[in-house]
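Residue numbering for the sequence shown follows our numbering, starting at 72 and increasing by one per position. Beta carbons are placed, not taken as given, at the ideal position from N, Cα and C, and that holds for glycine. Some notes on the structure that comes next.
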Amino acid sequence: MRIYLLGQCCLERWRSQGWETVSEMGWQQRRVRSLFACMVSQTSRMMGREQLMEALWPELDVGNSANRLNTAVHGLRQVLEPELERPANSQLLRLEHDIFMLAQQRQVWVDADAFEEWLRLAYAAQDAQSREHLLLQAAQLYKGEFLAEERTLSWAQARRSTLQRKWIGLLLMLADVYEARSAWPEEIEVLERLITVDPAHEAAVRRLMHALVRLERPAEAAHVYQCLVTKLAKLYGTEPLVETRQLYASVCKKMQAPATFSSPLSALAQPISSLRSGTAPYALSEDVFLAQIPSLVRTTWNLKDRASRPELVGREQEYEELCRTLHSLQQAPSLTPHMFLLTGEAGMGKTHLAEEVSQYAQELGWVVLWNKVLEEQCATPYHAWLDVLRLLRESELLPQHSETHIVNKNSQTQVLSRWQREYVTLAAVESLLHEQECFSLREDLLKWLDASCGQKPLLIVFDDAHWFDRESIELLCYLVRRLCKRPIAVMVTCLTAELMRNQVLQTLIADLRRDQLVQLVRLQALGDGQIEDLLAHVPSSLVADIKKQVGGNPFLAWELAAALGRKARNLSQRSAGDSQVTLPRSIVAILEQRFCRLSLCSQRLLRKCARLGSAFTLQQVLQLGAEYDEDEILDVLEESLQAGLLAEDGMGDAIHYEFRPPLLACYLAQCYD
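Right, dumping it as structure tokens:
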């Protein structure tokens, strides 16, 4: 079998016709993958029981960590040898004298170990051709960070850092090979990958500048230098070395005039057209094109639209922090993060908080552009930013006449129409485009934003940004890094669960956080007192019932109170404890969205568990799920715990579970009985 831990975790088995990717239930469990990765991070692939418990669950007591280890070992053995009748007889994961021993690379192949072996052979190679071949073999294996899902465990961080350093060394050696045979485009591609990971790597920047000059692209070399200056000043409070400054001086001499770029979108039009045969399929007239763009955006804030919303309760601290940052950004843009990331589960108030902050920004004189990102748009490149361009065109921010045709209103319709024709195709051909054209595409939007914020400060809001397409994510991160010294801010809201699934967005946000370019706001569940404040207009006898059902979710609390109020108005008399009510569609939509993410097996078992009420014990589940074996039930419970739909308490035979939120049991009983 082959197991990949660099980038996305993947398991392959050899069949009669070749390697096949398998998706067994056991491998889907995070603790099983973490156990396997922990063992292969050791050169000997051997670890003691207590060692594993401390490495994987340092925060748990001995009893709980021992239970988790036993479950993980059982699951891993089933993954490694699914045909065994008794997993304890496994020869690939053996236990001797409390020491777990995992089979070596010949039987269980792991990409991280293979990457290091290819790299070792490359260092030992005598001729350049063999070295290049071995380096490329190693580079193909490094598809991302080692076990990216484990961000807190020390052993995973150490292994991840070691492999990343070796990968950077590989890229530098590969750049040496390309430079020796004057393969400048290949060297540029390699160095740009390196600088994306380590933007302050000065030696790599110098080599990239040198390669760009060799290809007669001094303006790009100058831009690379300016990015290095900014990064060194921000991270270390220093300036580039003497040799780097001297190289930049020589680059400036090669330029006839200051670096200028033509209209990026007009530059893109010809190369993309040349890659197609026939007429562009999206060649619409400007008027037809603009009429067909779905209007999912708001440029003004109408208080009447928000009259039915509750007051912002329990989020005062987050609101004040964001408002202070906006005020500081307006006064000193270069010293303040330009991106606000609001995360939390559905119903925690992300959109509500974003609206309140946007209202405050508008009172300060900011212009707010609001964009709702939909799931069906995630397959369309740059869709969210196309809406931003459309809003800028329709707003009064851009000058009516300008010497720079990029921001001239007379040409904006043509620019938008051209992007509509080209941007759908861009994702498929971007790797074939000239580097300067890809860079210019981003610069075009930046110039539009520059022209806009010259009139008033600008706040761009993306609600549900976890549905961003890959190209929009990369453009977002590029712009955030370039917004320093500009009165422009970007605020995005993301569901925590969807953010964890979107590996591209998660990785790029982690990079921005490391560079202190993002202000992160995590919205947690409200306390009982805050729910009481939110429902101050509701009879206290009902508030107590609502608090038990919603698990601190303000949206669920508000909607459930409204539903109970409507029922009370329809009844001539109501008993104090009668809180049974048909759930409104707004609540059903949130609960259904989370529940349907589970596997079908988990959904079936949880529907049965809902008959027991909002809380139940492990023994009750085992009796209820008689058609499942114990391992399948434990897998279901583990998946539900990871999804946040169950909470676990106790240990051993006293373990019990509770639906999160408890209202989920009511939803399952009403919708599936």
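- With fewer than three CB-CB distances shorter than 8 Å, the region 593–605 does not count as touching the region 397–408.
- For residue 728, no alpha helix (DSSP H) encloses it; the enclosing beta strand (DSSP E) starts and ends at 727–730.
- Only residues of its own chain outside the window of five on either side were considered, and among them 299, 303, 311, 312, 315 have a CB closer than 8 Å to the CB of residue 273, listed in chain order.
- About 17 Å separates the beta carbons of residue 654 and residue 625, which is beyond the 8 Å limit, so they are not a contact pair.
- Within a 10 Å sphere around the beta-carbon of residue 540 sit 16 or more other beta-carbons, which makes this residue buried.
- With at least 16 other beta carbons inside 10 angstroms of its own, residue 75 counts as buried.
- In its chain, beyond the 5 residues on either side, 292, 295, 296, 318, 322 have a beta carbon closer than 7 Å to the beta carbon of residue 280.
- Per DSSP, residue 441 is one residue of the beta strand (DSSP E) stretching across 438–443.
- Taking 8 Å as the cut-off, the beta carbon of residue 210 is found closer than this to the beta carbon of residue 241.
- The C-alpha of residue 658 lies about 19 Å from the C-alpha of residue 446.
- Between the region 122–139 and the region 184–200, the count of Cβ pairs shorter than 8 Å is below three; the stretches do not touch.
- In the DSSP assignment, residue 579 falls within the unbroken alpha helix (DSSP H) covering 574–585.
- Residue 415 sits in a strand when the DSSP states are folded into three classes.
- By the CB criterion at 8 Å, residue 632 and residue 662 fall outside the cutoff.
- In this chain, residue 564 is not harboured by any alpha helix (DSSP H); it is covered by the beta strand (DSSP E) spanning 559–566.
- Boundaries of the alpha helix (DSSP H) harbouring residue 396: 387–402, taken from the DSSP string.
- Per DSSP, the unbroken beta strand (DSSP E) holding residue 718 starts and ends at 717–720.
- Secondary structure note for residue 539: it is in no beta strand (DSSP E), with a DSSP letter that is neither H nor E.
- Between residue 707 and residue 672, the beta carbon gap of about 6 Å places them in contact (Cβ cut-off 8 Å).
- For residue 165, the secondary structure class from DSSP, reduced to helix, strand or coil, is strand.
- Between residue 155 and residue 415, the beta carbon gap of about 43 Å keeps them out of contact (Cβ cut-off 8 Å).
- Here the region 582–593 lies against the region 544–559, with 3 or more beta-carbon pairs under 8 Å apart.
- Listed in chain order, the alpha helix (DSSP H) runs fully inside the region 100–137 are 101–111, 120–127, counting runs of at least 4 residues.
- Cα atoms of residue 217 and residue 231: separation of roughly 5 Å, rounded to the nearest angstrom.
- Here the alpha carbons of residue 271 and residue 678 stand approximately 53 Å from one another.
- Annotation: the continuous beta strand (DSSP E) that includes residue 590 extends over 589–593.
- The beta carbon of residue 143 is closer than 6 Å to those of 102, 103, 106 in its chain, skipping five residues each way along the sequence.
- Per DSSP, residue 555 lies in no alpha helix (DSSP H) and is assigned neither H nor E.
- When the alpha-carbon of residue 99 is set against those of 739, 705, 734, the nearest one is in 705.
- In this structure residue 583 is not in contact with residue 419, their Cβ atoms being roughly 22 Å apart against a cut-off of 8 Å.
- A straight line joining the alpha-carbon of residue 692 with that of residue 239 spans about 50 Å.
- Taking a contact as a CB-CB distance under 8 Å, the pair residue 178 and residue 163 counts as one, their CB atoms being some 6 Å apart.
- Residue 83 sits in a strand when the DSSP states are folded into three classes.
- The way I'd put it, the region 517–537 does touch the region 424–438; three or more beta-carbon pairs between them come closer than 8 Å.
- Inclusion of residue 417 and residue 665 in the CB contact set at 8 Å is warranted, their separation being smaller than that value.
- A Cβ-Cβ separation of about 14 Å leaves residue 567 out of contact with residue 422 under the 8 Å criterion.
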